[in-house]
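>
2 protein chains.
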Amino acid sequence: MEDVNLNQQPGEAAVPAATPIPRATLHDEVVGRLRDMIVEGALEPGIRVPERDLCARFGVSRTPLREALKVLASEGLIALLPNRGAQVTALTTADIDEMFPVMGALEALAGELTCARITDEEIAEIRALHYQMVLHYTRRELPEYFHLNQKIHERILEIAGNSTLTRMYAGLAGRVRRARYVANMTQSRWSQAVEEHETILDALAQRDGPRLAHILKMHLQNKCATVKESLEAEANAVSANSNDQI
Amino acid sequence: MEDVNLNQQPGEAAVPAATPIPRATLHDEVVGRLRDMIVEGALEPGIRVPERDLCARFGVSRTPLREALKVLASEGLIALLPNRGAQVTALTTADIDEMFPVMGALEALAGELTCARITDEEIAEIRALHYQMVLHYTRRELPEYFHLNQKIHERILEIAGNSTLTRMYAGLAGRVRRARYVANMTQSRWSQAVEEHETILDALAQRDGPRLAHILKMHLQNKCATVKESLEAEANAVSANSNDQI
DNA sequence: CATGGTCATTTTGAATGCAAAACAAGTTCA
DNA sequence: TGAACTTGTTTTGCATTCAAAATGACCATG
Numbered sequence: 003m004e005d006v007n008l009n010q011q012p013g014e015a016a017v018p019a020a021t022p023i024p025r026a027t028l029h030d031e032v033v034g035r036l037r038d039m040i041v042e043g044a045l046e047p048g049i050r051v052p053e054r055d056l057c058a059r060f061g062v063s064r065t066p067l068r069e070a071l072k073v074l075a076s077e078g079l080i081a082l083l084p085n086r087g088a089q090v091t092a093l094t095t096a097d098i099d100e101m102f103p104v105m106g107a108l109e110a111l112a113g114e115l116t117c118a119r120i121t122d123e124e125i126a127e128i129r130a131l132h133y134q135m136v137l138h139y140t141r142r143e144l145p146e147y148f149h150l151n152q153k154i155h156e157r158i159l160e161i162a163g164n165s166t167l168t169r170m171y172a173g174l175a176g177r178v179r180r181a182r183y184v185a186n187m188t189q190s191r192w193s194q195a196v197e198e199h200e201t202i203l204d205a206l207a208q209r210d211g212p213r214l215a216h217i218l219k220m221h222l223q224n225k226c227a228t229v230k231e232s233l234e235a236e237a238n239a240v241s242a243n244s245n246d247q248i
Numbered sequence: 003m004e005d006v007n008l009n010q011q012p013g014e015a016a017v018p019a020a021t022p023i024p025r026a027t028l029h030d031e032v033v034g035r036l037r038d039m040i041v042e043g044a045l046e047p048g049i050r051v052p053e054r055d056l057c058a059r060f061g062v063s064r065t066p067l068r069e070a071l072k073v074l075a076s077e078g079l080i081a082l083l084p085n086r087g088a089q090v091t092a093l094t095t096a097d098i099d100e101m102f103p104v105m106g107a108l109e110a111l112a113g114e115l116t117c118a119r120i121t122d123e124e125i126a127e128i129r130a131l132h133y134q135m136v137l138h139y140t141r142r143e144l145p146e147y148f149h150l151n152q153k154i155h156e157r158i159l160e161i162a163g164n165s166t167l168t169r170m171y172a173g174l175a176g177r178v179r180r181a182r183y184v185a186n187m188t189q190s191r192w193s194q195a196v197e198e199h200e201t202i203l204d205a206l207a208q209r210d211g212p213r214l215a216h217i218l219k220m221h222l223q224n225k226c227a228t229v230k231e232s233l234e235a236e237a238n239a240v241s242a243n244s245n246d247q248i
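Top line first, the protein sequences correspond to chains A and B.
In case it helps, my numbering puts the first sequence at residues 3 to 248.
In case it helps, my numbering puts the second sequence at residues 3 to 248.
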């Protein structure tokens, strides 16, 4: 595991503008990096990771690291067992069953708000994203498809213009992304998803808020089923001792 | 301001079971107490409160206090300005306009879920709470009314049986509570709220999920309007320099 | 009188140090 | 053999310490 010294300032100008600007404080930076590591699965759920190890990895002392752990715990990404350190929370199918309906309700609201505010230009923009996504679908390029898919949902949230809504949704989506990272879709699920996206675009273009809300809610329900199927398939394939967790 | 030493353990058994069990760790305890202080308005929004002061108040060192600040910041209750300390976030009418629709969407979902699961006994329980609340309404006992009102909403969330949903709702409700604390209702708003609660109870008893969802969404919209009215009235009454904040 | 600048003080951000709790390995005893 | 106890080590929770940034007072300059 490569060491990454956060308070590096040797090159200074050598840092390309592309790298996400190191946040003002160390603990903020650590929160971001740890969150990424967790989402990307670099840290196994349920396994104890001593603070010292993480400190060494990030090149910071325990103080900012511990602050970061507290924040991530309040977000639900990790669990803090008193006197026993932190561990990444395992995402069970029960958790998925809880989270997707909430995301569905949030996206439904976003759909309604967005229909009331969206401009013609924004509709055109989403249409472009949509057909780009469809292209990736016809080419069976799953990662690219996922990326565009996510971008469309993000854009709808964004246009809704409710930052509280966006923040809450992002919190859930971040946790779920870990599951969706490993998820594989069946062909029928995939084509179903694309069909639903057609109707999403249509409802958006017609600015039919209630219809879009309903479609999104259903769409999230289907996503939930897809993720769970894939999760269970994986669990069965891997072994019997794996306990529906990722 | 009275000092409250958190790591007290002189009496041990002397602590009555009524006091909320001191949490395992100091920082957890501090998070809880600070949150309460903020919600109850003991800390003015926008005013800088040095860490040392808070430490002295709680009788802890800066380490657990700072950890608590980070957590509350991630919840949105306070803002952390780098190198400039923390301050309670002011709740603007714009924030209220953002939060209530989200709470509405969450409660609507809770309503649907609850209708699908609620037992006869639980309906009876909520009915009891409801009529107790109505009693306080007829007696014009606002604080007691508020308490029962809140309890009914909490109970619906709880029966929905989705802990993620409950947690997200609680996060928003906590922030809004600060506003509702100071909010006064007009008579017409109050009677409207009670009427709406009648329909809530009715939809629950009939287990009509979609109807309950719709009612709750509307109910929250009206609550939003009520809070804003009261907030604006207050702002006008107090002075012109107050900037829609509490 | 206002504006800008220097320096002491305060306050924050992060590192280090210390005590208590958990852990692990060996040891005793049934 | 195996369960319970002991002891040394590790790890966590918190306090303290140190350095950098911000604040504020004072002074100089236009």
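All residues carry an ideal CB built from backbone N, CA and C; glycine is no exception.
Could you name the residues of the same chain whose beta carbon sits closer than 7 angstroms to that of I49(B), not counting the 5 residues immediately before and after it, in chain order?
What you label residue 49(B) is simply residue 47 of the second sequence in a count that begins at 1. For I49(B), where only same-chain residues beyond five positions count, the Cβ hits under 7 angstroms are Q89.
> Measure the alpha-carbon distance for V17(A) versus M39(A) and round it to whole angstroms.
Locating residue 17(A) in the first sequence gives position 15, where the first residue counts as 1. Locating residue 39(A) in the first sequence gives position 37, where the first residue counts as 1. Because the pLDDT at V17(A) is just 35, under 50, the model does not fix this residue reliably, and the value given afterwards should be weighed accordingly. Cα to Cα, V17(A) sits roughly 21 angstroms from M39(A).
> Determine the closest residue to E100(B) out of V178(B), P145(B), T188(B), with distance taken between C-alpha atoms.
By 1-based counting over the second sequence, the position of residue 100(B) is 98. Comparing Cα positions, the closest option is V178(B).
> Look at the alpha carbon of E200(B) and the alpha carbon of K72(A), and state the distance between them as a whole number of angstroms.
In the second sequence, the residue the question calls residue 200(B) occupies position 198. In the first sequence, the residue the question calls residue 72(A) occupies position 70. Each residue's Cα considered, the two are about 42 angstroms apart.
> Pair every Cβ in the segment 77-85 of chain A with every Cβ in the segment 118-133 of chain A, then say whether three or more of these pairs are closer than 8 angstroms.
No, they do not touch.
> Compute the Euclidean distance between the alpha carbons of K225(A) and S190(B), then round it to the nearest angstrom.
As a working note, residue 225(A) is residue 223 in the first sequence. As a working note, residue 190(B) is residue 188 in the second sequence. Looking at the two C-alpha atoms, the distance is approximately 44 angstroms.
> Could you give the uninterrupted runs of the alpha helix (DSSP H) lying entirely in the segment 93-131 of chain B, keeping only those of 4 residues or more?
As far as the segment 93-131 of chain B is concerned, its whole alpha helix (DSSP H) runs of at least 4 residues are 95-119.
> Where does N238(A) land, buried or exposed, given buried means 16+ other C-beta within 10 angstroms?
On the first sequence, residue 238(A) is found 236 positions in, with the first residue counted as 1. Exposed is the call here.
> Go through its chain and collect everything with a Cβ distance to Q257(A)'s Cβ below 7 angstroms, but skip five positions before and after it.
The first residue shown for chain A is 3 and the last is 248, placing residue 257(A) beyond what the model contains.
> Is there at least one Cβ from chain A nearer than 8 angstroms to E100(B)'s Cβ?
Position 98 of the second sequence, counting from 1, holds the residue named residue 100(B). By this cut-off, E100(B) is an interface position.
> Considering only the beta carbon of each residue, do R180(A) and V41(A) sit closer than 8 angstroms?
Walking along the first sequence from the start, residue 180(A) turns up at place 178. Walking along the first sequence from the start, residue 41(A) turns up at place 39. Against a cut-off of 8 angstroms, the Cβ pair of V41(A) and R180(A) comes out as a contact.
> In this structure, does DSSP put V51(B) in helix, strand or coil?
As a working note, residue 51(B) is residue 49 in the second sequence. In this structure, V51(B) counts as coil in the three-state DSSP scheme.
> What alpha helix (DSSP H) runs, 4 residues minimum, are completely inside the segment 129-197 of chain B?
Those alpha helix (DSSP H) runs which fall completely within the segment 129-197 of chain B and span 4+ residues are 144-162, 165-184.
> Where does the unbroken beta strand (DSSP E) through A88(A) begin, and where does it stop?
Within the first sequence, the letter at position 86 stands for residue 88(A). 87-90 is the extent of the beta strand (DSSP E) around A88(A).
> May I have the straight-line CA-CA distance separating R105(A) from L159(A), to the nearest angstrom?
Stepping through the first sequence from its first residue, residue 105(A) is reached at position 103. Stepping through the first sequence from its first residue, residue 159(A) is reached at position 157. First, the residue type needs correcting, since residue 105(A) is Met and not Arg in the sequence shown. Taking the straight line joining both Cα atoms gives about 11 angstroms.
> What residues from chain A crowd round P103(B), counting only those whose CB sits closer than 8 angstroms?
By one-based count along the second sequence, residue 103(B) stands at place 101. Those within 8 angstroms of P103(B) in chain A are L111, L115, N164, L167.
> What would DSSP say about L45(A), mapped onto helix, strand or coil?
Start at 1 with the first residue of the first sequence, and residue 45(A) comes out as number 43. L45(A): coil per DSSP, three-state reduction.
> To the nearest angstrom, how far is it from the Cα of G211(B) to the Cα of A126(B)?
Position 209 of the second sequence holds residue 211(B). Position 124 of the second sequence holds residue 126(B). Rounded to the nearest angstrom, the two C-alpha atoms are 17 angstroms apart.
> Report yes or no: is there a C-beta of chain A within less than 8 angstroms of the C-beta of K72(B)?
Stepping through the second sequence from its first residue, residue 72(B) is reached at position 70. At least one chain A Cβ lies under 8 angstroms of K72(B).
> Could you tell me the distance, in whole angstroms, from the CA atom of Y139(A) to the CA atom of T94(B)?
Within the first sequence, the letter at position 137 stands for residue 139(A). Within the second sequence, the letter at position 92 stands for residue 94(B). Taking the straight line from one Cα to the other gives about 44 angstroms.
> Using a 10 Å radius around the Cβ and a threshold of 16 neighbouring Cβ atoms, would you call A26(B) buried or exposed?
For the purposes of this step, residue 26(B) is taken as the residue at position 24 of the second sequence. That one is exposed.
> Give me the Cα-Cα distance between R64(A) and D55(A), rounded to the nearest whole angstrom.
Position 62 of the first sequence, counted from the start, is the residue given in the question as residue 64(A). Position 53 of the first sequence, counted from the start, is the residue given in the question as residue 55(A). Between R64(A) and D55(A), the C-alpha separation is close to 10 angstroms.
> Quick one: Cα of R36(A) to Cα of A175(A), how far?
Here the question's residue 36(A) lines up with position 34 in the first sequence. Here the question's residue 175(A) lines up with position 173 in the first sequence. One detail in the question is off: residue 36(A) reads as Leu in this sequence, not Arg. The alpha-carbon atoms of L36(A) and A175(A) are separated by roughly 16 angstroms.
> Closer than 7 angstroms, Cβ to any Cβ of chain B: which residues of the segment 26-48 of chain A, in chain order?
Within the segment 26-48 of chain A, the qualifying residues are A26, T27, H29.
> Alpha carbons only, please: which of M187(B), L218(B), G61(B) is nearest the one belonging to L233(B)?
Here residue 233(B) refers to the residue found at position 231 when the second sequence is read from its first residue. It is M187(B).
> Just to make sure I have the definition right: I need the residues of chain A whose C-beta is within less than 7 angstroms of the C-beta of A107(B). Which are they?
By 1-based counting over the second sequence, the position of residue 107(B) is 105. Result: A107, L108, A110, L111.
> Report the neighbours of P86(B) on chain A: residues whose CB is nearer than 8 angstroms to its CB, in chain order.
Working through the second sequence from its first residue, we reach residue 86(B) at position 84. A small correction: the amino acid at residue 86(B) is Arg; Pro does not occupy that position in the sequence shown. By Cβ distance, chain A contributes nothing, its closest Cβ being about 11 angstroms from R86(B), past 8 angstroms.
> Taking 8 angstroms as the CB-CB limit, is R141(A) close to chain B?
Along the first sequence, read from residue 1 onward, the residue named residue 141(A) stands at position 139. Chain B, which has no Cβ nearer than 8 angstroms to the Cβ of R141(A), makes this no.
> Determine, for N7(A), whether the minimum Cβ-Cβ distance to residues of chain B falls below 8 angstroms.
Reading the first sequence from its first residue, position 5 is the one you call residue 7(A). In this predicted model, N7(A) has a pLDDT of only 45, less than 50, meaning its place in the structure is not dependable enough to derive any value.
> Under 7 angstroms, CB to CB, which of the residues in the segment 170-188 of chain A have a partner in chain B?
The residues in question are M170.
> Run through chain B and tell me which residues come within less than 7 angstroms of R68(A), C-beta to C-beta.
As a working note, residue 68(A) is residue 66 in the first sequence. In chain order: E69.
> Return the residues of the segment 51-66 of chain B that lie within a Cβ-Cβ distance of less than 9 angstroms from chain A, sorted by chain order.
Going along the segment 51-66 of chain B in chain order, one finds T65 with a Cβ nearer than 9 angstroms to chain A.
> Can you tell me whether R169(B) is buried or exposed, with buried defined as 16 or more other CB within 10 angstroms of its CB?
Here the question's residue 169(B) lines up with position 167 in the second sequence. By the neighbour-count rule (16 or more Cβ atoms within 10 Å), R169(B) is not buried but exposed.
> Below 7 angstroms CB to CB, which residues in the same chain sit around T91(A) once its five sequence neighbours on both sides are set aside?
One-based indexing of the first sequence puts residue 91(A) at position 89. Answer for T91(A): P47, G78, L79, I80, A81, listed in chain order.
> Pick helix, strand or coil for A26(B), following the three-state DSSP scheme.
As a first step, residue 26(B) must be located in the second sequence, where it is residue number 24. Three-state result, A26(B): coil.
> Do you know whose CA, among A227(B), I217(B), T166(B), A235(B), lies nearest A96(A)'s CA?
Taking the first residue of the first sequence as position 1, residue 96(A) is located at position 94. Among A227(B), I217(B), T166(B), A235(B), the Cα nearest to that of A96(A) belongs to T166(B).
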